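Here the structure is laid out as structure tokens; the discussion comes afterwards.
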Amino acid sequence: MATPAVADLTAPRPTPKGRRDLATLPKAHLHLHFTGAMRPSTMINMAASQRVRLPPHLLHVDAASMPADGRGWFRFQRAYDSARHLVRSEDAMRRLIREAAEDDAAEGSVRMEIQADPTSYAPYVGGITPALEIIIDEARLASADTGVDIGVIVAASRMKHPLDARTLARLAASFAGDGPGDVVGFGLSNDERVGSTDSFAPAFRIARRAGLVGVPHGGELLGPASVREVVASLAPARIGHGVRTSEDPDLLRAVVDAGIALEVCPTSNVHLGVFTDFSHVPLPTLIDAGATIALAADDPLLFRSRLVAQYEVARDVFGMSDEALAALARSSIDASLASPSRKAAWKVGIDAWLAALPGE
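Quick look at the structure:
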């Protein structure tokens, strides 16, 4: 089978004259899905070795040329499932973790928190426990080799029964810790329009009793009501996305006052048709309200856009200065689940980035 061409839109754009290089700004990457972190080239390689023909929308990704009503969750989920079906061995799982760490290191990430549902890979490695053990083990090795501090988040799926989420919460609890590769949080992902948020509350209580932090998705495909439900039912410390809180000033103030951080993924919002273009992503509104924000790439494979590109949106679309971008990086580190001592050390690096003259 001939190797097809693949659209590669992941390379950072040149740094504008007089501005500092965003790839050298220390930052935390806190919203990154396991399969979605795969390199496009790795996807092509895996598909060729398995003699799998990939759908065209996985090879050529360009949301800018796609009408807003042609975007959306269904198209995204089909693409994600196609990519996930390629991850069928321990070697493939380790490769994803290793390459994700290498890519984040190249973009200045000092902390990466990668989330995975081990049930997706369990059939190929002997069960959900071995699947999670592989992710944890490779995360520890990749942390040591790349210098990127990696935390693992076990994420249940809204598409599955809430009892499955409880099983995952108990598994996650058995690997809880705060060192490189340890499980640090428990999430809830997939289509937020499906299922009852409250039915997943028992799983989050199990995780919380083990010291794991709740980091569920909410407030992207659905509006403020979904955020209120997530906050009330799951007691999160962070919300994946949460951008729709901007539509309800009272809710946004409550989220800020509660210290709940938001993982904002501008490219995801545009690709999924939540906003028609980057200028409509409510990043300035969230910042002005005092929200703790961590910019993130979500699924670089599907969106062909990595972490630095999210900071480029902040700089180029919203005109944020280097000082404001440094503040965003500090905010991402504050929102991470790393230890206070590591956070303090990383912030020293941000201060050094800001103190250096552009181009140094």
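In the UniProt record's numbering, the protein residues as written are 1 to 360.
By construction, the Cβ of each residue, glycine as well, lies at the ideal position given by its N, Cα and C atoms.
All values reported here derive from a predicted model rather than from experimental measurement.
> Taking C-alpha atoms, which residue in VAL213, ALA207 and LEU188 lies nearest to VAL227?
Replying inline: In the sequence shown, residue 227 corresponds to position 227, counting from 1. Nearest option by C-alpha distance: LEU188.
> Is the beta carbon of ALA314 sitting closer than 8 Å to the one on LEU286?
Replying inline: Residue numbering aside, residue 314 sits at position 314 when the sequence shown is read from its first letter. Residue numbering aside, residue 286 sits at position 286 when the sequence shown is read from its first letter. Not in contact: ALA314 and LEU286 (Cβ atoms no closer than 8 Å).
> Quick one: is GLY290 buried, meaning 16 or more other Cβ sit within 10 Å of its Cβ, or exposed?
Replying inline: Position 290 of the sequence shown, counted from the first residue, corresponds to residue 290. GLY290 is exposed by the Cβ-count criterion.
>> Taking DSSP's pairing of strands, which residues face SER157 in a bridge?
In response: On the sequence shown, residue 157 is found 157 positions in, with the first residue counted as 1. Looking at the DSSP assignment, SER157 forms a beta bridge with SER189.
> Based on Cα-Cα distance, which residue from LEU222, LEU234, GLY195 and SER196 lies nearest to residue 448?
Replying inline: The requested residue 448 is not part of the displayed model; the chain covers only 1 to 360.
>> Just to check my reading of the structure: HIS31 and GLU312 have Cβ atoms closer than 8 Å, yes? What is that Cβ distance to the nearest angstrom?
In response: The residue given as residue 31 occupies position 31 in the sequence shown. The residue given as residue 312 occupies position 312 in the sequence shown. That pair is no contact at about 17 Å.
> Comparing alpha-carbon positions, which option in SER82, ILE134, TYR80 and GLY127 lies nearest MET93?
Replying inline: Residue numbering aside, residue 93 sits at position 93 when the sequence shown is read from its first letter. Among SER82, ILE134, TYR80 and GLY127, the Cα nearest to that of MET93 belongs to ILE134.
> Considering only residues of the same chain and omitting the five flanking positions on each side of SER332, which have a CB-CB separation below 6 Å?
Replying inline: Taking the first residue of the sequence shown as 1, we reach residue 332 at position 332. Excluding positions up to five away in sequence, the list reads LYS27, ALA28 and ALA294.
> What three-state label does DSSP hand MET112 in the structure shown?
Replying inline: For the purposes of this step, residue 112 is taken as the residue at position 112 of the sequence shown. It is a strand residue.
> Per DSSP, what kind of secondary structure is ARG95 in: helix, strand or coil?
Replying inline: In the sequence shown, the residue the question calls residue 95 occupies position 95. Helix at ARG95.
> Apart from the five residues just before and just after ILE153, which ones in its own chain have a Cβ nearer than 8 Å to its Cβ?
Replying inline: Residue 153 sits at position 153 when you count from the first residue of the sequence shown. Cβ within range, chain order: GLU113, ILE114, GLN115, ALA116, VAL183, VAL184, GLY185, PHE186, GLY187 and VAL215.
>> Tell me which residue opens and which closes the alpha helix (DSSP H) that ILE333 is part of.
In response: In the sequence shown, counting from the first residue as 1, residue 333 sits at position 333. ILE333 -> alpha helix (DSSP H) spans 322-335.
> Is there contact here, the region 93-104 with the region 314-326, by at least three beta-carbon pairs under 8 Å?
Replying inline: no
>> Rounding to the nearest angstrom, what Cα-Cα distance links VAL231 and PRO282 in this structure?
In response: As a first step, residue 231 is located in the sequence shown; it is residue number 231 there, counting from the start. As a first step, residue 282 is located in the sequence shown; it is residue number 282 there, counting from the start. About 20 Å.
> Among PRO340, ARG304 and PRO284, which residue has its Cα nearest to the Cα of LEU328?
Replying inline: What you label residue 328 is simply residue 328 of the sequence shown in a count that begins at 1. Minimum Cα distance to LEU328 is reached at PRO284.
> How would you label ALA144, buried or exposed, when you count the other beta carbons within 10 angstroms and need 16 or more for buried?
Replying inline: Indexing the sequence shown from 1 puts residue 144 at position 144. By the 10 Å Cβ count, ALA144 comes out exposed.
> Considering ALA294, what are the terminal residues of the beta strand (DSSP E) in which it resides?
Replying inline: Counting from 1 along the sequence shown, the entry for residue 294 is found at position 294. From DSSP, the beta strand (DSSP E) with ALA294 extends over 293-295.
>> For the beta strand (DSSP E) containing LEU30, name the first residue and the last one.
In response: Walking along the sequence shown from the start, residue 30 turns up at place 30. Here the beta strand (DSSP E) through LEU30 covers 27-33.
> Which same chain residues, not among the five before or five after PHE318, have their C-beta less than 7 Å away from its C-beta?
Replying inline: Here residue 318 is taken as the residue at index 318 of the sequence shown, counted from 1. If we look at PHE318 and ignore the five residues flanking it on each side, its Cβ neighbours are LEU283 and PRO284.
>> For VAL148, which residues in the same chain have their Cβ closer than 8 Å to its Cβ, ignoring the five residues on either side in sequence?
In response: Within the sequence shown, the letter at position 148 stands for residue 148. Same-chain partners within the cutoff: ALA101, ASP104, ALA105, SER109, VAL110, ARG111, MET112 and ALA142.
> Taking DSSP as the reference, what is the three-state secondary structure of ALA356?
Replying inline: Start at 1 with the first residue of the sequence shown, and residue 356 comes out as number 356. The answer is coil: DSSP assigns ALA356 none of H, G, I, E or B.
> Considering only the beta carbon of each residue, do residue 361 and ARG84 sit closer than 8 Å?
Replying inline: Since the first residue of the chain shown is 1 and the last is 360, residue 361 is not available in this structure.
> How long is the line joining the alpha carbons of ASP91 and LEU302, rounded to whole angstroms?
Replying inline: Within the sequence shown, the letter at position 91 stands for residue 91. Within the sequence shown, the letter at position 302 stands for residue 302. So the alpha carbons of these two residues sit roughly 21 Å apart.
>> On the DSSP letters alone, give me the boundaries of the alpha helix (DSSP H) that LEU212 sits inside.
In response: Locating residue 212 in the sequence shown gives position 212, counting from the first residue. Neither: LEU212 is in no alpha helix (DSSP H) and is coded neither H nor E.
> Should MET159 be labelled buried (16 or more other beta-carbon atoms within 10 Å of its own) or exposed?
Replying inline: Here residue 159 refers to the residue found at position 159 when the sequence shown is read from its first residue. Per the 10 Å Cβ criterion, exposed.
> Roughly how many angstroms separate the alpha carbons of VAL348 and ASP21, rounded to a whole number?
Replying inline: Position 348 of the sequence shown, counted from the start, is the residue given in the question as residue 348. Position 21 of the sequence shown, counted from the start, is the residue given in the question as residue 21. Computed Cα separation, rounded: 17 Å.
> Going by alpha carbons, who is nearest to TRP346 out of ASP334, ALA356, LEU357 and ARG98?
Replying inline: As a first step, residue 346 is located in the sequence shown; it is residue number 346 there, counting from the start. Comparing Cα-Cα distances from TRP346 to each of ASP334, ALA356, LEU357 and ARG98, the minimum goes to ASP334.
> My guess is that THR245 and GLY219 are in contact by the Cβ rule of under 8 Å, so how many angstroms apart are they, rounded?
Replying inline: What you label residue 245 is simply residue 245 of the sequence shown in a count that begins at 1. What you label residue 219 is simply residue 219 of the sequence shown in a count that begins at 1. Right, the Cβ-Cβ distance comes to about 6 Å (below 8 Å), so this counts as a contact.
> The beta strand (DSSP E) with GLU247 in it runs from where to where?
Replying inline: Here residue 247 refers to the residue found at position 247 of the sequence shown. Per DSSP, GLU247 belongs to no beta strand (DSSP E) and is neither H nor E.
>> With distance defined between alpha-carbon atoms, name the residue in LEU96, ALA207 and TYR124 nearest to ILE136.
In response: Counting from one through the sequence shown, the residue named residue 136 turns up at place 136. The residue with the shortest Cα to Cα distance from ILE136 is LEU96.
> Given ALA155, which residues of its chain have a CB within under 7 Å of its CB, disregarding the five upstream and five downstream residues?
Replying inline: Taking the first residue of the sequence shown as position 1, residue 155 is located at position 155. Contacts found: GLN115, ALA116, ASP117, GLY187, LEU188 and SER189.
> Taking the C-alpha atoms as reference points, what is the distance between TYR121 and LEU86?
Replying inline: As a working mapping, residue 121 is identified with position 121 in the sequence shown. As a working mapping, residue 86 is identified with position 86 in the sequence shown. C-alpha separation (whole angstroms): 10 Å.
>> Given this structure, state the Cα-to-Cα distance separating ALA352 from PRO55, to the nearest angstrom.
In response: Counting from one through the sequence shown, the residue named residue 352 turns up at place 352. Counting from one through the sequence shown, the residue named residue 55 turns up at place 55. Straight-line Cα distance between these residues: approximately 45 Å.
> LEU163 by DSSP, collapsed to three states: which one?
Replying inline: Residue 163 sits at position 163 when you count from the first residue of the sequence shown. Helix, per DSSP.
>> Rounding to the nearest angstrom, what Cα-Cα distance links GLU151 and ALA173 in this structure?
In response: Here residue 151 corresponds to residue number 151 of the sequence shown, with the count starting at 1. Here residue 173 corresponds to residue number 173 of the sequence shown, with the count starting at 1. Reading off the sequence shown, one finds Gly at residue 151, where the question assumed Glu. Rounded to the nearest angstrom, the two C-alpha atoms are 14 Å apart.
> What whole-angstrom Cβ distance do VAL243 and ASN269 have, given they're in contact under 8 Å?
Replying inline: Translated into positions along the sequence shown, residue 243 becomes position 243. Translated into positions along the sequence shown, residue 269 becomes position 269. Confirmed, Cβ separation roughly 6 Å.
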